[in-house]
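Asker: The structure's right below; bear with me while I get my questions together.
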Amino acid sequence: MDLSVFSVQSPAHNDFRSDTFTTPTVSMIQSLSTTTLGDAVYNEDAKTIELEKKVSALTGKEAGLFCVSGTLSNQLAMRVNLTQPPYSILCDYRGHVYEHEAGGMSTLTQARAQPIHPKNGRYLTLKDDILPNFVPDDGEIHGAPTKLICLENTLHGMIFPLDEIKRISQFCKDNNVKLHLDGARLWNASAATGISLQKYSKYFDSVSLCLSKTLGAPVGTVLVGDADFIRKANHFKKQNGGGIRQSGLLASMAIIAIDENFPKLPATHEMAKQLGQLCEEKGIILEHPVETNFVFVDIAANKINPEKLVEISDKHAVKVYSGRVAFHYQISKESFDAVKKVILEAFDELTLDDIAESDVIVVTTKLSKDLIEFFEDDYNFETSLRLLDDLKLQTFIQSISSKLKYKQLATQLFTRYVVNSLLKRPYFEKINFGYSKHGKPFIDRFQFNTSSSNDIIAIAVSLHLPIGIDLSHSEQNISSVNYLSQFEPIFHDSELSQVDTYFRFNHFWTLKESFTKLLGCGLNINLADFYFRVGNEFDESRGGGIYPYSTMQSSVQTRYELSWFNEIEVNAEKLFNQENEFVQGFNNEFYCYSSVLENGDQVRLPVIISIVTPFKAEKIHCLDIKLSRLLLNE
1 MDLSVFSVQS PAHNDFRSDT FTTPTVSMIQ SLSTTTLGDA VYNEDAKTIE LEKKVSALTG
61 KEAGLFCVSG TLSNQLAMRV NLTQPPYSIL CDYRGHVYEH EAGGMSTLTQ ARAQPIHPKN
121 GRYLTLKDDI LPNFVPDDGE IHGAPTKLIC LENTLHGMIF PLDEIKRISQ FCKDNNVKLH
181 LDGARLWNAS AATGISLQKY SKYFDSVSLC LSKTLGAPVG TVLVGDADFI RKANHFKKQN
241 GGGIRQSGLL ASMAIIAIDE NFPKLPATHE MAKQLGQLCE EKGIILEHPV ETNFVFVDIA
301 ANKINPEKLV EISDKHAVKV YSGRVAFHYQ ISKESFDAVK KVILEAFDEL TLDDIAESDV
361 IVVTTKLSKD LIEFFEDDYN FETSLRLLDD LKLQTFIQSI SSKLKYKQLA TQLFTRYVVN
421 SLLKRPYFEK INFGYSKHGK PFIDRFQFNT SSSNDIIAIA VSLHLPIGID LSHSEQNISS
481 VNYLSQFEPI FHDSELSQVD TYFRFNHFWT LKESFTKLLG CGLNINLADF YFRVGNEFDE
541 SRGGGIYPYS TMQSSVQTRY ELSWFNEIEV NAEKLFNQEN EFVQGFNNEF YCYSSVLENG
601 DQVRLPVIIS IVTPFKAEKI HCLDIKLSRL LLNE
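Residue numbering for the sequence shown follows UniProt numbering, beginning at 1 and increasing consecutively.
Rendered as structure tokens:
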């Protein structure tokens, strides 16, 4: 037999859907040449017996029973542990025995299922969960007495604390209640804590241990318990069609899986923890703490579009089709690196669902060195230009002789990307804007405004109400006094007294620009007819910008935080008293927000960003787009 197909990278190297997608290894396939072919239904297969003894010895139980699946072994355990109805079973509402076994708990055992939501959100406790739901067998005829408790370890990757297991176990013994463990991934709990399988298992009447989950055997689970328990379980196994004739073929591969792959589990835990740590650093909300080989990204809380997650996963050639990210021993380093990009991109993906009624999104990009180098390649420039699919616009950009054409192209591509992403349309599809009387562009679904200063471009978005945004910075710090002499007519007297540095001049200029953009008036009003009062706390030293731009930025989109200063008042009474056409529809109530987007240095002043809105912004979401990476992906 040609074994080369099994020696290459596993097809599961990029599959994060579950740890069940692993494929047989060369050594597993080789074990078939020395397996036994006895009839396991007659208990005559030596390899199957060896496997059952091996797992029962690891768990400290008297006997074991090889089953084709964990569903079968769990159902057998419940049937053996229960005798005559009426009775009920207590379990975690997320448990496999309740959620994922086709209703077998009630159908096959005739038990009343009592699923419990753990008070601590992680695992059942005796005090808070078991006792309040326990139905004693005290002769009260309206309820179904609790006769079995089913625990699961691990559950959603979380480890069930041994001390709590001990407390529940003692309670069960004291009250003549059986205790079963779905230990499909007990291997992971043992690998993570160093607590042996035997020490975990001693507190249970029966334990089911999966061989295909996490360990990578093709098929199978072993159910362990005392000899009488296993004898009866084997009877029910036959009744349910679970008998396997030459099961030695499967048992031999399962033995290899235990011997070779059990020691590899800590490495899978480390990958999961690295992804979990990355999520925490980026503010991505997880459903559960990461303790073994699973990361559960909260899709709803992070406002991740499930369809977009699949699309991004396919783009990066990995399989992540839900918030559950499973790690196993066949995951490759390349796939691990890719899955990190997938989660970050899915989290950062721009969507209108991110915006509450009173929220604002600020999207930025930078005409960076690597983007300019990308455009300087004629092929890249022409390819990017064709994305616009607008001959008039393409001709105009090509006619610009200086490097300003790169900024013009970047601005057009960036605007299309942002708007189309919000509209859930192809990124660079042509947009049919409407235009106000004075040339302000608009679309029906949301309000937006754009600004640029030197190498930074920004777009501000709100759901319903107009918004204005402006950026300002300079390559040199000149005297505000000399500069103001040229611009004095556009400032109100109260503003002139506040503008004592060039930094503050730039700040006031961004506020004035933002306000006129909000109104959509351009320069068609007297800029001295409205004015701002700004608290002294906003200066060059205050900063607060955590702008993420880096040439090493790994994803197209990256969320970041800015510290927004809002102790700013705008007085537009004169415009309203004049009944100026541009303030019609407004209530003379405006809110201003400013921040330092990028700190300055010896050459450049800080980059100031200001927003003016007619509503109080509850949250300002900030997102940076790396255009060079986006265009490379296209």
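Each residue gets a CB set at the ideal place from its N, CA and C atoms; glycine is no exception.
Do you know offhand how far THR193's Cα is from GLY38's?
Answerer: Residue numbering aside, residue 193 sits at position 193 when the sequence shown is read from its first letter. Residue numbering aside, residue 38 sits at position 38 when the sequence shown is read from its first letter. Going from the Cα of THR193 to the Cα of GLY38 covers about 38 angstroms.
Asker: When the Cβ atoms of the stretch 67-81 are set against those of the stretch 44-53, are three or more pairs found closer than 8 angstroms?
Answerer: Too few Cβ pairs lie closer than 8 angstroms, so no.
Asker: With the cut-off set at 9 angstroms, would you say LEU186 and SER201 are in Cβ contact?
Answerer: Residue numbering aside, residue 186 sits at position 186 when the sequence shown is read from its first letter. Residue numbering aside, residue 201 sits at position 201 when the sequence shown is read from its first letter. Yes. Within cutoff.
Asker: For HIS288 and PHE294, I'd like the C-alpha separation in whole angstroms.
Answerer: Walking along the sequence shown from the start, residue 288 turns up at place 288. Walking along the sequence shown from the start, residue 294 turns up at place 294. Roughly 9 angstroms separates the two Cα atoms.
Asker: Verify whether the separation of the beta carbon atoms of ASP51 and ALA251 is less than 9 angstroms.
Answerer: The residue you call residue 51 lines up with position 51 of the sequence shown. The residue you call residue 251 lines up with position 251 of the sequence shown. According to the sequence as given, residue 51 is Leu; it is not Asp. Yes, these two residues count as a Cβ contact at 9 angstroms.
Asker: Starting from the N-terminal side, write out each stretch of the alpha helix (DSSP H) that is 4 residues or longer and does not extend beyond the stretch 282-331.
Answerer: Taking only runs of at least 4 residues, the alpha helix (DSSP H) segments lying wholly in the stretch 282-331 are 306-315.
Asker: Can SER69 be considered in contact with the ligand NAP, in the sense that its beta carbon sits closer than 8 angstroms to one or more heavy atoms?
Answerer: As for the ligand NAP, it is missing from this structure, which has no ligand bound.
Asker: Give me the DSSP bridge partner(s) of CYS91.
Answerer: Indexing the sequence shown from 1 puts residue 91 at position 91. Answer by DSSP bridge pairing, in chain order: PRO115 and CYS150.
Asker: Runs of 4 residues minimum, wholly inside the stretch 482-520: which ones carry the alpha helix (DSSP H) assignment?
Answerer: The stretch 482-520 contains these whole alpha helix (DSSP H) runs: 493-496 and 502-519.
Asker: Going by CA-CA distance only, name the one from SER88, SER452 and TYR93 that's closest to PHE134.
Answerer: Here residue 134 refers to the residue found at position 134 of the sequence shown. Selected option, being the one with the closest Cα: SER88.
Asker: Examine the Cβ distances between the stretch 526-537 and the stretch 559-576 and report whether three or more of them are shorter than 8 angstroms.
Answerer: With a cut-off of 8 angstroms, the stretch 559-576 and the stretch 526-537 count as touching, because enough Cβ pairs lie within range.
Asker: Once you ignore the five residues that flank PHE374 on each side, which residues in its own chain have a CB closer than 7 angstroms to its CB?
Answerer: Working through the sequence shown from its first residue, we reach residue 374 at position 374. Excluding sequence neighbours, PHE374 sits near ASN380, SER628 and LEU631.
Asker: Taking all protein chains shown into account, do 16 or more other C-beta atoms lie within 10 angstroms of the C-beta of ALA356, making it buried, or fewer, making it exposed?
Answerer: Taking the sequence shown and counting its residues from 1, one reaches residue 356 at position 356. Flag for ALA356 reads exposed.
Asker: Using the C-alpha atoms, what's the distance from PHE428 back to LEU388?
Answerer: Residue numbering aside, residue 388 sits at position 388 when the sequence shown is read from its first letter. Residue numbering aside, residue 428 sits at position 428 when the sequence shown is read from its first letter. Looking at the two C-alpha atoms, the distance is approximately 6 angstroms.
Asker: For the candidate residues CYS521, LEU131 and SER421, whose alpha-carbon lies nearest to that of PHE171?
Answerer: Mapped onto the sequence shown, residue 171 falls at position 171. Closest by alpha carbon: LEU131.
Asker: If we count Cβ pairs, one from each stretch, closer than 8 angstroms, do we get three or more for the stretch 145-164 versus the stretch 82-102?
Answerer: Output reads yes: the stretch 82-102 touches the stretch 145-164.
Asker: Among THR268, ASP174, GLY225 and HIS235, which one has its Cα closest to the Cα of GLY216?
Answerer: Residue mapping note: residue 216 aligns to position 216 of the sequence shown, counting from 1. GLY216 has its Cα closest to that of THR268, out of THR268, ASP174, GLY225 and HIS235.
Asker: Ordered along the chain, which non-local residues of its own chain (more than five positions away) have a Cβ less than 6 angstroms from that of GLU513?
Answerer: By one-based count along the sequence shown, residue 513 stands at place 513. Excluding residues within five positions, the ones whose Cβ falls inside 6 angstroms are ASP470.
Asker: Give the range of the beta strand (DSSP E) segment to which LEU211 is assigned.
Answerer: Translated into positions along the sequence shown, residue 211 becomes position 211. Here LEU211 belongs to no beta strand (DSSP E), and DSSP marks it neither H nor E.
Asker: Where does ILE400 sit, in a helix, a strand or coil, going by DSSP?
Answerer: Taking the sequence shown and counting its residues from 1, the one referred to as residue 400 is at position 400. Note: ILE400 maps to coil in three-state DSSP.
Asker: Measure the C-alpha to C-alpha separation of ILE285 and ILE304 and round it to an integer number of angstroms.
Answerer: As a first step, residue 285 must be located in the sequence shown, where it is residue number 285. As a first step, residue 304 must be located in the sequence shown, where it is residue number 304. Between ILE285 and ILE304, the C-alpha separation is close to 11 angstroms.
Asker: Here's the rule I'm using: 16 or more other beta-carbon atoms within 10 Å means buried, otherwise exposed. How should GLN239 be labelled?
Answerer: As a working mapping, residue 239 is identified with position 239 in the sequence shown. Answer is exposed; the Cβ neighbour count stays below 16.
Asker: When the Cβ atoms of the stretch 366-373 are set against those of the stretch 382-397, are three or more pairs found closer than 8 angstroms?
Answerer: No, the stretch 366-373 is not in contact with the stretch 382-397.
Asker: Pull up the DSSP beta-bridge partners for MET78, would you.
Answerer: The residue labelled residue 78 in the question sits at position 78 within the sequence shown. Partner(s): none; MET78 has no beta bridge.
Asker: VAL362 by DSSP, collapsed to three states: which one?
Answerer: Locating residue 362 in the sequence shown gives position 362, counting from the first residue. Three-state result, VAL362: strand.
Asker: Would you call ASP138 buried or exposed, if buried means 16 or more other Cβ atoms sit within 10 Å of its Cβ?
Answerer: By one-based count along the sequence shown, residue 138 stands at place 138. That one is exposed.
Asker: Measuring straight from C-alpha to C-alpha, what distance separates SER595 and ILE457?
Answerer: Translated into positions along the sequence shown, residue 595 becomes position 595. Translated into positions along the sequence shown, residue 457 becomes position 457. Going by the C-alpha atoms only, they are around 15 angstroms apart.
Asker: So GLU618 and SER358 are supposed to be a Cβ contact under 8 angstroms. How far apart are they, rounded?
Answerer: Translated into the one-based positions of the sequence shown, residue 618 becomes position 618. Translated into the one-based positions of the sequence shown, residue 358 becomes position 358. GLU618 to SER358, Cβ: 4 angstroms. Contact.
Asker: Does the beta-carbon of PRO306 have 16 or more other beta-carbons within 10 angstroms, so that it is buried, or is it exposed?
Answerer: In the sequence shown, the residue the question calls residue 306 occupies position 306. Under this definition PRO306 is an exposed residue.
Asker: With distances taken between CB atoms, is the gap from GLY242 to VAL97 smaller than 9 angstroms?
Answerer: Position 242 of the sequence shown, counted from the first residue, corresponds to residue 242. Position 97 of the sequence shown, counted from the first residue, corresponds to residue 97. Not in contact: GLY242 and VAL97 (Cβ atoms no closer than 9 angstroms).
Asker: Using a threshold of 9 angstroms, state whether the C-beta atoms of SER451 and PHE442 are closer than that.
Answerer: Residue 451 sits at position 451 when you count from the first residue of the sequence shown. Residue 442 sits at position 442 when you count from the first residue of the sequence shown. Not a contact, by the Cβ cut-off of 9 angstroms.
Asker: Count the C-beta pairs between the stretch 260-278 and the stretch 109-119 that are closer than 8 angstroms, then say yes if the count reaches three, no if not.
Answerer: Touching, no.
Asker: Determine, using beta carbons only, whether ILE431 and ARG416 come nearer to each other than 9 angstroms.
Answerer: The residue you call residue 431 lines up with position 431 of the sequence shown. The residue you call residue 416 lines up with position 416 of the sequence shown. The answer is yes: Cβ separation under 9 angstroms.
Asker: Secondary structure at GLY439, three-state DSSP: helix, strand or coil?
Answerer: The sequence position of residue 439 within the sequence shown is 439, counting from 1. Residue state, collapsed to three classes: coil.
Asker: Provide the residue span of the beta strand (DSSP E) that contains ALA458, from first to last.
Answerer: Numbered from 1 along the sequence shown, position 458 holds the residue referred to as residue 458. Unbroken beta strand (DSSP E) run through ALA458: 456-462.
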